[in-house]
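Okay, so here's the structure we're looking at.
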Amino acid sequence: MRKVLIVLSIAVLLMTVAIAAGTIKIGVAFPMTGNIAAFGEMTLQGVKIAQTLYPDVLGKKIELVVADNRSDKTEAANVVSRLIDYNHVAAIIGEIASSHSLAGGAIAEQKHIPMLSPASTNPLVTQGKHYIFRACFIDPFQGHVAAVFAYKNLKARTAVVFTDVVQDYSVGLSNFFIKDFVAKGGKVFREFYQSGDQDFSAQLTDALAKSPDVLYVPGYYPEIALMARQARQLGYTGPILAGDGAEAPQLIKIGGSAVNGVYYTSHFNASHPFTSVGKQFVAKYESIYKASPSALAALGFDSYLLLRDAIKRANSVDPAKIAEALRNTKNFEGATGYITIDKYGNTIKSAVVNEVKNGKFTYVTTINP
Ligand code: PHE
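So for the sequence shown, this note's numbering puts the first residue at 1042; every next one is plus one.
As structure tokens, then:
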């Protein structure tokens, strides 16, 4: 009897080890609660669709360990530490807000675990780092696209730029836009706010006194939605231009008809996919959610596939080898375009401009690098 028990427990032990050895753990560090929870929710949808289609690599199941950074900078660093030290992930998909990727990325870099951000566009996120990568374009380009669109398409000559001073994304994108818009001969005035603010009447009153042709608000959807409502209440009927951080169903839910006429630069529009993988992704997403995928869903999908492809080429789960393989990503066909990661960990891709029209995110144009 004792012998049987020992043999049985050894068998159970071996099975546990085999199962543990049979998975490859990938951490996912997203805002699943808090101010920008919609970003986490949308990106995770895309990651999960990719996992459903391609559940394994190197003959093992990919196991996702999702960690919620609660839309908080300190937590953004904490979750990365936890994923590495406690969950022992081989790599991390994350984070989304640039300020979170800067905080979490510092930890991943120090611990030599590759981290791939689906959506962080601030140049500093990857700068000087060997283990941090991204699946999206960067803000010098996004700011350029916005400046061209404002000047040429909207025929704006005077812009008021609203900067969220606690978001590296917003500070950077504001500056890149201003540089290009001014170089074209445009005139710029500035206003400042913070994530979490609800009342923008003082800044808007000041801004509207300048009779601007456009309000440029490179922030996140909760504040853009409220600002649009208040700007319309103050009688502003002109265009509002934003960046990729505008896109979430909540923009329209909170903003109502006030966000009609909000234009924003982005990575993807489901009605105009750039690749056939993009078309397949849209079809798959629509069959599951009965709605069109967001840019973040597409970027989440691409991030999972990019990482899986790197693990496959590395033929190893050694973090240094995965990082090396990520850096050698060339012409990978994703849902958001053909992705090549350069030696800085960045990608160069086309941007789209979308407009909120009758309560829908509508494609306007594509701008190539
Ligand atoms: N680009 C934003 C940042 O760097 C994140 C983002 C991308 C949000 C795409 C929404 C959609 O903070």
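We treat Cβ as the ideally placed atom computed from N, Cα and C, and that holds for glycine. Given the structure is predicted, the values throughout are model-derived calculations rather than measurements.
Please work out which residues of its chain come closer than 7 Å, Cβ to Cβ, to R1357, disregarding the five sequence neighbours upstream and downstream, and give them in chain order.
The sequence given here places Ser at residue 1357; Arg does not occur at that position. Correct list: empty, nothing qualifies.
Can L1292 be considered in contact with the ligand PHE, in the sense that its beta carbon sits closer than 7 Å to one or more heavy atoms?
no
Just checking my contact of P1096 with I1090 at CB under 8 Å: how many whole Å lie between their CB atoms?
Separation of the CB atoms of P1096 and I1090 is rounded to 11 Å, and the pair is thereby denied contact status at 8 Å.
Is A1188 buried or exposed, if buried means 16 or more other CB atoms sit within 10 Å of its CB?
Here A1188 is buried, its C-beta having at least 16 other C-beta atoms within 10 Å.
State the CB to CB distance for the pair H1308 and L1267, rounded to an integer number of angstroms; the pair is presumed to be in contact (CB under 8 Å).
That belief does not hold up - the Cβ atoms of H1308 and L1267 are roughly 24 Å apart, past 8 Å.
Where T1084 sits in the DSSP three-state scheme
helix
Is it the case that the CB of Y1210 approaches a heavy atom of the ligand PHE more closely than 7 Å?
yes
Cβ contact (3+ pairs, closer than 8 Å) linking the stretch 1104-1123 and the stretch 1363-1383
Under the Cβ criterion (8 Å, minimum of three pairs), the stretch 1104-1123 does not count as touching the stretch 1363-1383.
Determine which residues share a DSSP beta bridge with S1307 and list them.
According to DSSP, S1307 bridges with V1393.
Going by CA-CA distance only, name the one from G1276, Q1168 and G1081 that's closest to A1160.
G1081
I think Y1304 touches V1394, with their Cβ atoms under 8 Å apart; what is that distance to the nearest whole Å?
Confirmed, about 6 Å.
Is the CB-CB distance between G1068 and V1130 below 8 Å?
yes
Hey, how far is the Cα of G1302 from the Cα of I1077?
22 Å
Classify A1061: buried if its beta carbon has 16 or more other beta carbons within 10 angstroms, exposed otherwise.
In this predicted model, A1061 has a pLDDT of only 47, less than 50, meaning its place in the structure is not dependable; the value taken from the coordinates is given anyway. So A1061 counts as exposed.
Any heavy atom of the ligand PHE inside 7 Å of the beta-carbon of F1080?
yes
Our contact map puts V1397 next to I1293 with C-beta atoms below 8 Å; I'd like the distance itself, whole angstroms only.
7 Å
Check T1199 in the structure and name its three-state DSSP category.
DSSP places T1199 in strand when its eight states are reduced to three.
By the three-class DSSP mapping on this structure, what secondary structure does V1121 have?
helix
What is the rounded straight-line gap between the Cα of V1053 and the Cα of L1099?
Interpretation of V1053 is limited by its pLDDT of 47, a score under 50 that renders its predicted location unreliable; the figure taken from the coordinates is listed afterwards. Their Cα atoms are separated by approximately 24 Å.
Have a look at the DSSP bridge pairing and note the partners of G1068.
V1106 and I1133
A1283 (DSSP reduced to helix, strand or coil):
strand
DSSP three-state call for F1402: helix, strand or coil?
strand
In terms of alpha-carbon separation, which member of L1143, T1064 and Q1151 lies closest to A1361?
Q1151
Report yes if the C-beta of S1139 is less than 7 Å from at least one heavy atom of the ligand FMN; otherwise report no.
Of the ligands this structure carries, namely the ligand PHE, none is the ligand FMN.
Should A1351 be listed as close to the ligand PHE, given that the test is whether its C-beta is under 7 Å from any heavy atom?
Outside the cutoff, so no.
Please go through the same chain and pick out, in chain order, the residues whose beta-carbon is closer than 6 Å to the beta-carbon of S1211, but skip the five residues on each side of it.
T1204, D1205, P1259 and G1260
Three-state secondary structure (DSSP) of S1413:
Within the shown structure, residues of the chain are numbered from 1042 to 1410, placing residue 1413 beyond reach of any answer.
Quick check on the DSSP output: the alpha helix (DSSP H) that includes K1294 runs from which residue to which?
K1294 -> alpha helix (DSSP H) spans P1290 to G1296.
Given the structure, does T1204 come close to the ligand PHE, in the sense that its CB is under 7 Å from one of the ligand's heavy atoms?
No, Cβ of T1204 sits at least 7 Å from all heavy atoms of the ligand PHE.
Once DSSP output is grouped into helix, strand and coil, what is the label at M1156?
Judged by DSSP in its simplified three-state form, M1156 adopts strand.
For R1231, which residues does DSSP report across the bridge?
In the DSSP output, where bridge partners are listed per residue, R1231 has V1202.
Pick helix, strand or coil for G1184, following the three-state DSSP scheme.
helix
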